[in-house]
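A short write-up of the structure that comes next.
This is the structure in structure tokens:
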């Protein structure tokens, strides 16, 4: 048996629940995964979370009393302070008081936050932002998630809606397409995997000369692979995704003056072909005084950012 | 003689020094003004500040011991923590350790911050943002200044460069003009008094039918007056200034999710003709979830925002 305090992080997704145990320095000690079971209703999801977390703590050789905090990262809109998920299409949840439900079953304080904010906290606790206080994170996946860390904590805004960086309207009206949020020209329409696939399909439909035309269905990875092999149409798409990301960062730099930008999520795996263009446009479009000492780096925790950051929420509640 | 604590605020401008005394609730008790004397060098400016402040406290019937904090709002780039003004064209200052110089002469801790941040703090302490914790302020004057208040305090960013809202590049490249910061399309190029005058001169040069063509030199107030009298060219200019301000606020709403936007500075005196279009575009371009409960209001303290906010800096240091 080990005697130190541990923190439990829950990364609640539409299909899988991931749970992890961290020590006070943000090191992930052990993790486990299981199906969400969202199709069986909110109560079933709570049951599944409780079972995974209890077993994880036991299997790791800890006593339940050593759990000093529990946090959960959840996709959707929520009232963070009350701990109520207002709407989560992925989980099929409407007004689910998940904090109270988990606290009743686990007998410990539970904090929730949205998944992109939690991933940002994970990276700042023990990933690419370790030791930094003011960091802006992007998660480039199906959408573009954002998380703003100020003084080492998630900045939630007045109503918990801060950091929705995917909905900065960065594409000029003439070239803008509709976003899921109802607006047009959002960063998410060009710099997410979905946006990249859309631009690729547009290029094929337009008759651009590209190897992507040979594929049955195109993924974002296909576009990056084609770009790396010298496919010019694919390269233009990657450059467009990176250009707008760089310009959004230029705006964020004058507004927030962070020390560092972190880019994670599936799209970030494209590597230099993406990062070089992001950095180039950030340099080009940011006034010198606002970019001094600011860097742009890849996320380090990969898929673990969610559970580590969620455990970090637990550390918060322990400190307050 | 009065026995409570007072806070001294200094609003240091290129031509005038304003000083004010506030009580702990941010009420301005008394103020005074004198020439900056920047032409005589930094030491002369310090002498002038010290004389104005000492006399102000005495004339108000307070003992020097009752001064619990002193703050100064200064135009230019500065190292806020060290209290050194790195560059202030208005003051002709280069690397002036103003905090240390004032502390030596006044025998009290002094805090400095940039003038736009300080005005924002003033409005949140006892003006249009009183009782709010998360507020974004614009000062529309010669330039466009910005101040971000988070949890009731100025958010400075990693290197003190946060809140440079005038340099959000909001005008699409096709219509963008050069900004003093070296970039193009900054908010400041269209929503400042300078930007409005530039657009008016462009309209006259272009031969647009406008009463502004009859004026020897055009001021921003002329443009607003003409717009209010039904001059269509002038109205288009005001609408353009307001349009981009509304769109910049839409971006800020998804990033920061403030409770309230406050607009001050000379241009804000245009009133409804400006505010209605700002609000209309903010509504139009902000996703519903990010604009819920967010309002846009005029500043209340006018020219006093600087001294009140600077006194607020003093309150900070008192609390730390």
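Protein chains in written order, with our numbering: chain A, 1 to 320; chain B, 1001 to 1320.
Cβ coordinates follow ideal geometry from the N, Cα and C atoms, glycine included.
Being a predicted model, the structure only gives us computed values, none of them experimental.
Between residue 137/A and residue 166/A, the gap from beta carbon to beta carbon reaches 8 angstroms or more.
Chain A places a beta carbon closer than 8 angstroms to that of residue 1259/B, counting this residue as a contact. DSSP places residue 276/A in the helix class (H, G or I) of the three-state scheme. Contact of residue 235/A with chain B by beta-carbon distance below 7 angstroms is absent, the smallest such distance being about 21 angstroms. Runs of the beta strand (DSSP E) lying entirely within the segment 1051-1092 of chain B, each at least 3 residues long, are 1067-1074, 1077-1079 and 1084-1088 in chain order.
The continuous beta strand (DSSP E) containing residue 32/A extends over residues 28-35.
Apart from the 5 residues on each side of it in sequence, residue 1259/B sits with its Cβ closer than 6 angstroms to the Cβ of 1132 and 1134 in its chain, given in chain order. Residues of chain B whose Cβ lies closer than 9 angstroms to the Cβ of residue 89/A do not exist, since the nearest Cβ in that chain is about 13 angstroms away. Shown here, residue 139/A sits in a strand according to DSSP, grouped into three states. In the displayed model, residue 160/A falls within coil according to three-state DSSP, outside both helix and strand.
Annotation for residue 1038/B: 1014, 1045, 1091 and 1092 place their beta carbon closer than 7 angstroms to its own, counting only its chain and skipping 5 residues before and after.
In this structure, the CA atom of residue 1220/B is about 12 angstroms from the CA atom of residue 1235/B. Under the three-state reduction of DSSP, residue 1292/B is assigned to coil, being neither helix nor strand. The C-alpha of residue 139/A is placed about 28 angstroms away from the C-alpha of residue 109/A. In chain order, 177, 179 and 195 place their CB closer than 6 angstroms to the CB of residue 189/A, counting only its own chain and leaving out the 5 sequence neighbours on each side. Chain-ordered listing is empty here: chain B has no CB closer than 7 angstroms to the CB of residue 39/A, the nearest sitting near 26 angstroms.
If you look at residue 248/A, you'll find it in the alpha helix (DSSP H) that goes 232-256. Counted as a single uninterrupted DSSP element, the alpha helix (DSSP H) harbouring residue 1222/B occupies residues 1220-1228. The beta carbon of residue 1074/B does not come within 8 angstroms of any beta carbon belonging to chain A, so the residue lies off that interface. Here residue 1145/B carries a strand assignment [DSSP, helix/strand/coil].
A distance below 8 angstroms between beta-carbons, with the five flanking residues on each side excluded, links residue 55/A to the following residues of its chain, in chain order: 32. For the set 282/A, 42/A, 248/A and 266/A, the Cα lying nearest the Cα of residue 86/A is the one of 42/A. Counting C-beta pairs with one atom in each stretch, the segment 1102-1121 of chain B and the segment 1060-1078 of chain B have three or more that are closer than 8 angstroms, which means they touch. The C-beta of residue 1229/B has fewer than 16 other C-beta atoms within 10 Å across all chains shown, which makes the residue exposed. For residue 1254/B, the nearest CB of chain A lies under 8 angstroms from its own CB, placing it at the interface with that chain.
Per the DSSP secondary-structure output, residue 1021/B pairs in a beta bridge with 1008/B and 1030/B.
Residues are counted here when their Cβ sits less than 9 angstroms from a Cβ of chain A; for the segment 1157-1173 of chain B these are 1157, 1158, 1159, 1160, 1161, 1162, 1163, 1164, 1165, 1166, 1167, 1168, 1169, 1170, 1172 and 1173, given in chain order. According to the DSSP assignment, residue 1263/B belongs to no alpha helix (DSSP H) but to the beta strand (DSSP E) extending over 1260-1264.
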